[in-house]
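*Asks:*
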Amino acid sequence: EINEMLTNKGATIESKYGYGFILKINDKNKYQKMISDDEALLDFNYNGDIDLEIAQYLLNSNGYVSTDEIAQSLFTSKQTVFIRINKIEKLFNNNNLFIKRRPGYGIKIIGSEIDKCNCFVSIIKKINSEEREKIDCCLKMCLNSDKYRISDLAYDDLTKYIHVMIQRIKSNSIIPNDE
487 EINEMLTNKG ATIESKYGYG FILKINDKNK YQKMISDDEA LLDFNYNGDI
537 DLEIAQYLLN SNGYVSTDEI AQSLFTSKQT VFIRINKIEK LFNNNNLFIK
587 RRPGYGIKII GSEIDKCNCF VSIIKKINSE EREKIDCCLK MCLNSDKYRI
637 SDLAYDDLTK YIHVMIQRIK SNSIIPNDE
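In my numbering, the protein residues as written are 487 to 665.
1) Spatial neighbours of V567 within its chain, please: CB distance less than 7 Å, with the 5 preceding and 5 following residues excluded, ordered by chain position.
2) What are the start and end residues of the alpha helix (DSSP H) that includes K586?
3) Taking DSSP's pairing of strands, which residues face A497 in a bridge?
4) What do you reckon, are the CB atoms on G597 and L583 nearer than 9 Å?
5) To the nearest angstrom, how far is the alpha carbon of F507 from that of T562?
6) By how many angstroms is the C-alpha of S659 removed from the C-alpha of S559?
7) Counting Cβ pairs, one atom from each stretch, are 3 or more of them under 8 Å apart for the segment 631-638 and the segment 597-609?
8) Within the same chain, show all residues whose beta-carbon is closer than 6 Å to that of Y591, passing over the 5 residues directly before and after it, in chain order.
9) Nearest by alpha-carbon distance to Q542: which of I574, L509 and I499 is it?
10) Enumerate in chain order the residues of its own chain whose CB-to-CB distance from S657 is below 7 Å, with the five nearest sequence positions on each side excluded.
11) Would you mind sorting N581 into buried or exposed? The rule is 16 or more other CB atoms within 10 Å of its CB.
12) Check each candidate in L509, K586 and T493 and name the one with the smallest Cα separation from I499.
13) Which residue or residues does DSSP assign as beta-bridge partners of I540?
14) If you drop the 5 nearest sequence neighbours on each side, which residues of the same chain put their C-beta closer than 6 Å to that of L527?
15) Run through DSSP, which three-state label would I655 get?
16) So for I636, helix, strand or coil by DSSP?
17) Since L538 and I609 should fall inside the 8 Å C-beta cutoff, what is the C-beta to C-beta distance between them, to a whole number of angstroms?
Encoded structure:
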């Protein structure tokens, strides 16, 4: 995701064995424009919380994923991913989810779709502003039409649940009727 954005801005991130990751500037003019443009820098803001990034990656994966795959996609080392999995496992266990490890295949999250959604809501930090506006518009219309009143905290939680449900539906992860 970051690499796609950077490609349009004149740079790429490359993985170099034994060195880590290197920022390669392909078009100096585009890159200079990006770093001088405050708006572009806001889009590029990375929260740095690798545990949450790994947890989200695992929750979004339907099958087994290798630690190499996770490391490559999150621009970190395989060892970092491997070490952080133990901390993340406690988060999953608190949400009735479990990490299944299978040598040669990787790891995957085992649990119900409802538990995965609850886990997502517990780790979500920020919803993209365009999507937040769409959810706000629909939610306010529904609440106002029936004259419901809820606290700001309840409203924020409801917004997060709706956001997570939309994302899960888009990824074809739908809660079965028997849950």
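The beta-carbon is built from N, C-alpha and C at its ideal position, and this holds for glycine as well.
*Replies:* Checking against the coordinates, here is how it stands:
1) Residues of the same chain with a CB within less than 7 Å of the CB of V567, apart from the 5 flanking positions on each side, are I540, T553, I556 and A557 in chain order.
2) In this chain, K586 is not harboured by any alpha helix (DSSP H); it is covered by the beta strand (DSSP E) spanning F584 to R588.
3) In DSSP, A497 forms a bridge with I511.
4) Yes, the Cβ-Cβ distance between G597 and L583 is below 9 Å.
5) Cα to Cα, F507 sits roughly 8 Å from T562.
6) For S559 and S659, the distance between alpha carbons rounds to 21 Å.
7) The answer is no - the segment 597-609 does not touch the segment 631-638, with fewer than three Cβ pairs under 8 Å.
8) Answer for Y591: Y550, listed in chain order.
9) Taking only the C-alpha atoms, the option nearest Q542 is I574.
10) Once the five neighbours on either side are set aside, the close Cβ partners of S657 are N546.
11) N581 comes out buried.
12) Closest option to I499, judged by alpha-carbon separation, among L509, K586 and T493: L509.
13) In DSSP, I540 forms no bridge with anything.
14) Confidence is the limiting factor: at L527 the pLDDT is only 40, short of 50, which leaves the residue's position unreliable and the question unanswerable from this model.
15) It is helical.
16) Note: I636 maps to coil in three-state DSSP.
17) L538 to I609, Cβ: 5 Å. Contact.
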